[in-house]
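For what it's worth, my numbering labels the leading residue of the sequence shown as 3, then goes sequentially.
Shown next, in structure tokens, is the structure this report addresses.
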Amino acid sequence: MPNPSVISPEANFLFSELSSYLKREDVSELQNAYLFSQSAHSGQFRQSGEPYISHPLAVTGILGKLRLDTQTLTAALLHDVMEDTHVSKAEISDRFGNPVAELVDGVSKLDKIEFQTHADAQAENFRKMLLAMARDVRVILIKLADRLHNMRTLEVMRLDKRRRIARETMEIYAPIANRLGLNNIYHELEELSFRYLYPTRYRVLSKATKAARGNRREVVTKILDAIKQRLKLSGLDAEVTGREKQLFSIYKKMADKHLTFSEVLDIYGFRVIVKDVPSCYIALGALHSLYNPIPGKFKDYIAIPKANGYQSLHNTLWGPFGTPIEVQIRTPEMHRIAEAGVASHWLYKSSDADLNDLHMKTHQWLQSLLETLSDSTDSLEFLEHLKVDLFPGEVYVFTPHGKILALPKESTPVDFAYAVHTDIGDCCVAAKINGENAPLRTKLRSGDRVEIITASHAKPNPAWLNYVATGKARSHIRRFLKTMQYEESAKLGERMLNQAFSSLKVDLQTVSETQWEKIARESGAKSKKDLLADIGLGKHLPAVMARRLTAHPGESLAATNGASDVITILGTEGMAVQFAKCCRPIPGDSIVGFIKKDQGLVIHIQDCPTIAKNRGGADNWLDVAWGKGITRQFEVSIKILVANQRGVLARVAAAIADAGSNIDNVVMDGEGAYTTMTFMLEVRDRHHLAQVMRGLRRIPEVARISRMKG
Ligand code: MN
């Protein structure tokens, strides 16, 4: 086992390499982080048997090659300590500063989510989720370097694990590296994934390429010399190299374009680097005078850069033996971006760049891309994604089956439910987030696993409109409430009218359809049902409307105020019937109904103090009574005075739950020996409430209980 307080030769080698571009104090900061990480990981080993510290060290080396800043490198050394060694974020922040702690925390969060399904669209969403979760691109850079080192050392893993990791790399991480313009990392990730996903194909291709290389060497040297000579003749100082093809890119070309191995391999690749943009075009012209260009193959990525910022001239020419040769021409600056992509903007600068500065730079980078981009919808679309990703406006969450949904920021489980299916939205009653019960108004975060609990009788709640974020949820809730209100109002209106008719000693059924139509028209309603809904909503008084409906010659208008049928309230009337917030009536209470203009019927307790004040206007008051077989729960408010003892709230809450009641809300007030707790509870009726109160009285600390009515 290594001595945790000694820097290994490998580490020393890396630090001396890094000191070529880092300040001395930065290197010694890295050495501290290394020693801290080494002792945190001490006793841990990689699958290969090496001490664990070799992994973070290698990851740091990969990022050092990209010449990244000290914060990134420090975080790379520490990237696994939170996951594997119980070192806290606070401790990292104390020792190495908050930016480093944030980076390590970001990487640890990404490690926790696992990619499950393999549909293309899902892979795309998953990539976006990763990017959205990493508020700082450097988190992604560390994650990519981490993955690259794990891929380089995949050999020691079990076969099934190798395949899983290789597939995930191919589908998720390689495309991200490509998007960010990290060409070298992208190609290596792809090549390694190919090797472990298709070991046989990889082996065959690898053997064939090695065999072909010998024959090719002569041709390559010949072309290389010719190109160099011609460029010199044109007065250009150029660096010319032959390019080896990646096995995976050979394989892809064979598969996509149905070419044979020799057809693909017989394309030779060369790269020309010249000092500036004009020289690129001069070099192109020079090469055209050497070999004939193949029509339709020229691509000017200098004038129109690729979406990830890549710039070069690409062309394919007819080589000396009738074989095609591909040439890339670029400047050193373009080369740097081609190799390091987004990371080239995080290059170590001697001035201390803070996080805002870095964000700003990314933004500038995106801006400059935007300015130089073609109108190619592809690129623009990609850029849109990249912007969303780096400055997230969306959250990505899992369904219980591992599918990923993209929702706007601030979305809640209700939005999620409607996004899954309208029926699920309409019937949702509760939610679980990451396995734990959570209120429906909870704001979702990327990576959350959301489960919706539905009930067949449930209906959308108007209160949801206060917090839903998606247009879909909002419009569905609105539409539902509107139709419900109409249906319920019409039903209630009919019951109210029936009552009015029976006090006139007339049967509602005797009113003719023509009479209905006439009165409806006169009242500004479109139909009989409309008129009933208007009555239910309190736009017309039922007594007045009853008289008008029966008023035709020959009919007695002698209205007697005889015993009238009362309107029964079931509690399922929805928006048409409201229960007064002042007294909160529950089944068993004596109640009275009040018709409020445009709001329908409001139910109060008979002795509600609020209504005692304004009992006038007899036409607005209706006799109402509770119906039978009511199943829903009603809100009721109770006040409890308790002696202050440890755990008394828990005992009170338990007693309420034991009596089968839900707590909607609790407010506590008072200090000293006693506290007043005001609970909003859900109960079925007075009987149920009495049961709850009995349970509460058994608690010794409870001094007084009362129901609040206004
Ligand atoms: Mn790692």
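Heads up, the beta-carbon is just placed ideally off N, CA and C, and yes, glycines get one too.
- DSSP places residue 655 in no beta strand (DSSP E) but in the uninterrupted alpha helix (DSSP H) bounded by 650 to 660.
- With fewer than 16 other Cβ atoms inside 10 Å of its own Cβ, residue 23 counts as exposed.
- The way I'd put it, the segment 676 to 687 doesn't touch the segment 570 to 582; fewer than three beta-carbon pairs between them come closer than 8 Å.
- For residue 258, the enclosing alpha helix (DSSP H) stretches over residues 249 to 259.
- Pairing residue 468 with residue 443 gives a Cβ-Cβ distance under 9 Å.
- In the three-state scheme derived from DSSP, where H, G and I count as helix and E and B as strand, residue 313 is classed as coil.
- For residue 152, the Cβ falls inside the 8 Å cut-off from some heavy atom of the ligand MN.
- For residue 280, the uninterrupted alpha helix (DSSP H) run begins and ends at 279 to 292, by DSSP.
- Looking from the CA of residue 225, the closest CA among 212, 243, 431 belongs to 243.
- With fewer than three CB-CB distances shorter than 8 Å, the segment 627 to 637 does not count as touching the segment 646 to 654.
- With distances taken between CA atoms, residue 73 lies nearest to 106 out of 106, 88, 249, 687.
- Excluding five sequence positions before and after residue 266, the CB atoms of its chain that fall closer than 7 Å to its own CB belong to 252, 255, 256, given in chain order.
- Residue side-chain check: residue 410 keeps its Cβ at 8 Å or more from all non-hydrogen atoms of the ligand MN.
- Put simply, the backbone Cα of residue 471 is about 17 Å away from that of residue 454.
- Considering only 451, 673, 8, 430, the residue with the shortest C-alpha distance to residue 438 is 451.
- Leaving aside the five residues that flank residue 193 on each side, the residues in its chain whose CB is nearer than 7 Å to its CB run, in chain order, 248, 249, 250.
- Per the Cβ contact rule, the segment 487 to 498 is in contact with the segment 531 to 538 (3 or more Cβ pairs under 8 Å).
- Close to the ligand MN, as judged by a C-beta nearer than 6 Å to any of its heavy atoms, are the residues 57, 81, 82, 148, in chain order.
- Across the set 26, 29, 20, the C-alpha of 20 shows the shortest separation from the C-alpha of residue 63.
- As DSSP reads the structure, residue 640 sits in a beta bridge with 681, 709.
- Beta-bridge annotation (DSSP): residue 330 is paired with 273, 316.
- Taking C-beta atoms as the reference points, residue 79 and residue 36 count as a pair closer than 9 Å.
- If you look at residue 405, you'll find it isn't in any alpha helix (DSSP H); DSSP assigns it neither H nor E.
- With contacts defined by Cβ atoms closer than 9 Å, residue 83 and residue 47 do not form a contacting pair.
- Put simply, of 288, 240, 246, 298 the residue whose alpha carbon is nearest the alpha carbon of residue 275 is 240.
- When secondary structure is reduced to three states using DSSP, residue 88 falls in the coil class, being assigned neither helix nor strand.
- Remark: fewer than three beta-carbon pairs, one from each stretch, lie closer than 8 Å, so the segment 178 to 193 and the segment 231 to 239 are not flagged as touching.
- Annotation for residue 476: the continuous alpha helix (DSSP H) segment containing it runs 473 to 505.
- Here the alpha carbon of residue 54 sits roughly 16 Å from the alpha carbon of residue 157.
- For residue 58, the secondary structure class from DSSP, reduced to helix, strand or coil, is helix.
- Here residue 591 is buried: its Cβ has 16 or more other Cβ atoms, across all protein chains shown, within 10 Å.
- Exclusion of the five residues before and after residue 547 leaves 499, 502, 521, 525, 533, 537 as the residues of its chain whose Cβ lies within less than 8 Å of its Cβ.
- Leaving aside the five residues that flank residue 214 on each side, the residues in its chain whose CB is nearer than 7 Å to its CB run, in chain order, 267.
- A distance below 7 Å between beta-carbons, with the five flanking residues on each side excluded, links residue 608 to the following residues of its chain, in chain order: 592, 593, 594.
- The segment 133 to 173 is shown to contain no whole beta strand (DSSP E) run of 3 or more residues.
- Spanning the alpha carbons of residue 694 and residue 518 requires a straight line of approximately 49 Å.
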